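Be aware that the sequence shown starts at 188, since it is given in the working numbering, and climbs by one per residue. Idealized CB from N, CA, C, for every residue including glycine. This one's a predicted model, so the numbers in the text were calculated from it and none came from an experiment. Worksheet for the structure shown next.
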Amino acid sequence: MGNLISLNTETRKNVREPDGIHLFKGLAWMAAGIVGVSFIATSTFVLFKTIFVVLGIVFLCIGGKWIGKYVSAYKAFRQFVPTWDLERGMYDMFAQELNAWQQDNIVPTCCDGDILYFLKLQKERLRKKGLKMTNRVLPVKGSDYRTSTLSRKSPWYTTDMVYAYINRTLRFDNMNGTVYEREVEQIMYEIIVHTPNDAQLANITTTCPNCGAVSPVAALEAGCKYCGTRFQITDLFPRVVNLFFLKTKSTATTSGIALRTILFSMLAVFFVMFLFMLIGGVGFLPASLATCFFAAGFCGGLIGLILASLRMLVSIFDRDGMKHVSLYKWSSSKKKIINIMKKYDSGFAFDKFEGQIVALVRMAVFAEHPETLACYRGGQRDARFSDILEMTYTNATCLRKVWMEGNILHMSLRTWWVNYSEIHGKVHKTGDCIDVEISRNVAYMESPGFSITSVACPNCGGSFDAVRQKICPYCGGIYHMENEGWVIDRMRLIS
């Protein structure tokens, strides 16, 4: 299978955001109607006065129709409640499971063991700090009510990066009430591994969904050797292996900001012009009103358009507090890492690698005793890591240094996060970098589907949780995780 990439976008059936053009058409017709009706207050010849007044009434009716159309669309848009659709696949299923996990403690089934273990560690930290977190994600309304999928094929399986605009509500409560609350629009990305290459099913390992034992996928289809349960490939795949968020505004929000800015600018110009008209003398009323409306439409509209553009430009630089990342370093780092790893592993997939690094960092941050982790050798952990309540990975990893010591490959990486930390009873949001040095023995090829939270002992074949213990509980052998995957040698927080 080649390294092919394909992009697919699927739009949900929904109520679109109201069209601002309808509102401006209505206002234009209403302005023309007001000018026409104003002839009734002039001393113009009766026939002309009647014609302009009648035309004004007609224009007002046309304007009212357009405004009514906009108001109707606006009401339908406001009343529309977007929901996740379980029939649409893994993305919606896992999004709904995240909400259920936060609200009702229902254990997610769509993600791999590494994500699940992080979620459990996080909930345990919150419990010890006397906090409850609400982390609810819902799809946005409007034209962005859709999901997009970027697929990459490797020799082992297909990896999908599925993303959609979402509304995210993040809240922390203690016994006295809400400590922190925030609602923000973001793009939520899920990295989903699925569709394994049938020719490699005997080589791809995964954990048994029933007993947690590690076995080749082909063996689980025939029946788990530990519990005897048989699975179809659809029971084992797909699985979400990484999750991250990036702040951005949806099309509906962006167009709403632009519409309101232009509208308020036009109204401001109209009232200023009308005020000057009253002070300086009304003169011929229809002409004065027409001048005010023209100035409001042209000058006010132009000023509003400039202000709206400036607001949009400012929002581009709103990185949600995230520290600056060099675009060149970020884009080149991925290529460098792929080129390095392809020398040792022809089936290397960057998305899987990135997901594993994110999982390693999260486990090392949230574990109560990180020194017990088979994947952590970083010594004493920075005390500030113990204050973190929520970590939002921002899809930014840069390669800083690479070196070899025998068969051990070392990498120094800088990763970008938006963290929420509890300090003296208050929750603070900060953009942080976490520098991490990782290593692994490249003399051993990582087994596809490798999970940090469940491994098979190389001595006796027994399955156990390598996160909580380094020694096999069956044969007593020391587990060297660097022979199976990456381990953390050093980790540093840069606030």
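Handout entry: Endpoints, beta strand (DSSP E) assigned at Met-464
Key = Run containing Met-464: none in the beta strand (DSSP E); it sits in the alpha helix (DSSP H), 438-467.
Problem - Met-375 - DSSP class collapsed to helix/strand/coil - result: Strand, per DSSP.
Handout entry: Cβ pair Pro-205, Phe-264 closer than 7 Å
Key = yes
Problem - For Arg-199, three-class secondary structure by DSSP - result: coil
Problem - Of the listed residues Tyr-304, Ala-219, Tyr-257 and Ser-259, nearest to Val-240 (C-alpha basis) - result: Ala-219
Practice task
Run the CB neighbour count on Asp-347, radius 10 Å, all protein chains shown included, and call it buried at 16 or more, exposed below.
Solution key: The residue in question, Asp-347, is buried, as its Cβ has 16 or more Cβ neighbours within 10 Å.
Exercise for the section: Would you kindly work out how many angstroms separate the C-alpha atoms of Leu-191 and Lys-340, rounded to a whole number? Expected result: With a pLDDT of only 46 at Leu-191, under the threshold of 50, the placement of this residue in the model should not be trusted; the figure read from the coordinates follows. If I take the Cα positions, the gap works out to 5 Å.
Problem - Inter-stretch contact at 8 Å, needing at least 3 Cβ pairs: the stretch 616-635 / the stretch 439-457 - result: no
Exercise for the section: Sort His-615, Pro-660, Arg-677 and Ile-595 by Cα distance to Asn-670 and report the nearest one. Expected result: Ile-595
Problem - Residue burial classification, Val-674 (beta-carbon count within 10 angstroms, cutoff 16) - result: With 16 or more other Cβ atoms from the protein chains shown falling within 10 Å of its own Cβ, Val-674 counts as buried.
Practice task
Please say whether Tyr-278 and Thr-196 have beta carbons closer to each other than 7 Å?
Solution key: no
Handout entry: Boundaries (first-last residue) of the beta strand (DSSP E) holding Trp-603
Key = 595-610
Practice task
Run the CB neighbour count on Ile-610, radius 10 Å, all protein chains shown included, and call it buried at 16 or more, exposed below.
Solution key: exposed
Practice task
Starting from Tyr-350, follow its DSSP beta bridges and name the residues at the other end.
Solution key: Ser-335 and Tyr-376
Practice task
May I ask you to report which of helix, strand or coil DSSP gives Ile-683?
Solution key: No answer is possible for residue 683: the residues shown for the chain start at 188 and end at 682.
Handout entry: DSSP-derived helix/strand/coil call for Phe-471
Key = coil
Practice task
For Trp-216, name the three-state secondary structure that DSSP assigns.
Solution key: helix
Handout entry: Span of the alpha helix (DSSP H) around Met-320
Key = Here Met-320 belongs to no alpha helix (DSSP H); instead the beta strand (DSSP E) covers 319-326.
Problem - Exposure label - Gln-290; buried when at least 16 CB within 10 Å - result: Residue burial is scored here from C-beta neighbours: Gln-290 has fewer than 16 other C-beta atoms within 10 angstroms and is therefore classed as exposed.
Exercise for the section: Ignore the nearest five residues each way along the sequence and tell me which others in Thr-198's own chain have a CB closer than 6 Å to its CB. Expected result: Shown here for Thr-198: same chain residues with a beta carbon closer than 6 Å to its own, the five before and five after excluded, namely Arg-333 in chain order.
Handout entry: Distance between Glu-408 and Gly-189 (C-alpha atoms, nearest Å)
Key = Bear in mind that a pLDDT of 40 at Gly-189, under 50, signals an unreliable position, so the model cannot answer this.
Exercise for the section: Counting only the same chain and skipping the five closest in sequence on each side, list residues whose C-beta sits under 6 Å from that of Phe-431. Expected result: Shown here for Phe-431: same chain residues with a beta carbon closer than 6 Å to its own, the five before and five after excluded, namely Tyr-376, Tyr-580 and Asn-582 in chain order.
Exercise for the section: Just mark Thr-266 as buried or exposed, buried being the case when its beta carbon has 16 or more other beta carbons within 10 Å. Expected result: According to the sequence displayed, residue 266 carries Gln and not Thr. By the neighbour-count rule (16 or more Cβ atoms within 10 Å), Gln-266 is not buried but exposed.
Handout entry: Beta carbon of Met-453 nearer than 7 Å to that of Cys-562
Key = Cβ distance not < 7 Å, so Met-453 and Cys-562 don't count as in contact.
Handout entry: Option in Ile-208, Gly-565 and Lys-613 with minimal Cα separation from Met-678
Key = Gly-565
Problem - First through last residue of the alpha helix (DSSP H) which encompasses Val-623 - result: Segment 613-628 is the beta strand (DSSP E) holding Val-623; no alpha helix (DSSP H) there.
Exercise for the section: Locate the alpha helix (DSSP H) running through Ala-409, then write down its first and last residues. Expected result: 404-409
Problem - Cβ contact (3+ pairs, closer than 8 Å) linking the stretch 361-368 and the stretch 472-480 - result: no
Practice task
Give me the Cα-Cα distance between Ala-482 and Leu-489, rounded to the nearest whole angstrom.
Solution key: 10 Å
Exercise for the section: Please go through the same chain and pick out, in chain order, the residues whose beta-carbon is closer than 6 Å to the beta-carbon of Tyr-350, but skip the five residues on each side of it. Expected result: Ser-335, Ile-374 and Tyr-376
Exercise for the section: Return the residue from the list Glu-311, Arg-323, Val-428 and Thr-584 that minimises the CA-CA distance to Ile-524. Expected result: When only C-alpha atoms are compared, the closest one is Thr-584.
Practice task
Go to Met-550, then tell me how far its alpha helix (DSSP H) extends in each direction, as first and last residue.
Solution key: Residues 537-553.
Handout entry: Selected residue, minimal CA-CA separation from Glu-624, among Asn-606, Gln-283 and Thr-602
Key = Thr-602
Problem - Residues near Leu-680 by beta carbon distance below 7 Å, same chain, minus five either side - result: Asp-569, Arg-571, Phe-572, Asp-619 and Ile-621
Problem - Burial state of Trp-288 (16 or more Cβ within 10 Å) - result: Classification of Trp-288: buried, given that the 10 Å Cβ count is 16 or more.
Problem - Same chain, Cβ closer than 6 Å to Asn-606, neighbours up to 5 away in sequence not counted - result: Ile-575, Met-578, Thr-617 and Asp-619
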